[in-house]
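K.L.:
Numbering (this note's numbering), first residue to last: 29 to 131.
Cβ atoms here follow ideal geometry from the backbone N, Cα and C, with glycine treated the same way.
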Amino acid sequence: MYKLCFFVPEDNLEAVKEALFAQGVGRIGDYDNCCWQVLGQGQFRPLSGSRPHIGSHDQTERLAEWKVEMVCEDGLISEAVEALKRAHPYEEVAYEVYKLADF
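(1) Would you grab the beta carbon distance between Val-44 and His-116 for me? Rounded to a whole angstrom, and I think it's under 8 Å.
(2) Select from Lys-127, Tyr-30 and Lys-113 the residue whose C-alpha is nearest the C-alpha of Asn-40.
(3) Confirm, please, whether the CB-CB distance from Val-125 to Gly-99 is below 8 Å.
(4) Between which two residues does the beta strand (DSSP E) harbouring Arg-90 extend?
(5) Over what stretch of residues does the alpha helix (DSSP H) that includes Phe-72 continue unbroken?
(6) Which class does Phe-49 belong to by DSSP, given the choice of helix, strand or coil?
(7) Assign Ile-82 to one of three DSSP states: helix, strand, or coil.
(8) For Ala-50 and Glu-89, I'd like the C-alpha separation in whole angstroms.
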């Protein structure tokens, strides 16, 4: 089992979650569409050569973003990351993948 964590702007939160749920991410036992999320503030500065979804080149941008965490079965993690990248509006998606231990 893995945990997939990512950061997404509020306008795209539900669409990105739904794309991952459609891949089978967020399933725990007899429950699906499971996730944990919290609102925070993201910051980035688009550099020359980037194609920012939000913001302008060489200007630091700050905006409300959600951090979302979902569990993912071992056999789905590669497809889950690809689905995240396809559904997410950012050119460079900020995400984390953790291998979980079962005790």
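P.N.:
The answer reads as follows:
(1) At roughly 6 Å, the Cβ-Cβ gap stays under 8 Å, so Val-44 and His-116 are in contact.
(2) Among Lys-127, Tyr-30 and Lys-113, the Cα nearest to that of Asn-40 belongs to Lys-113.
(3) Note on identity: in this sequence residue 99 is Val, with Gly being the wrong assignment. For Val-99 and Val-125, no; Cβs fall outside 8 Å.
(4) First-last of the beta strand (DSSP E) with Arg-90: 89-100.
(5) No alpha helix (DSSP H) holds Phe-72; the beta strand (DSSP E) holding it covers 64-72.
(6) Three-state DSSP puts Phe-49 in a helix.
(7) In the structure shown, Ile-82 sits in coil (DSSP, three-state: anything other than H, G, I, E or B).
(8) Taking the straight line from one Cα to the other gives about 31 Å.
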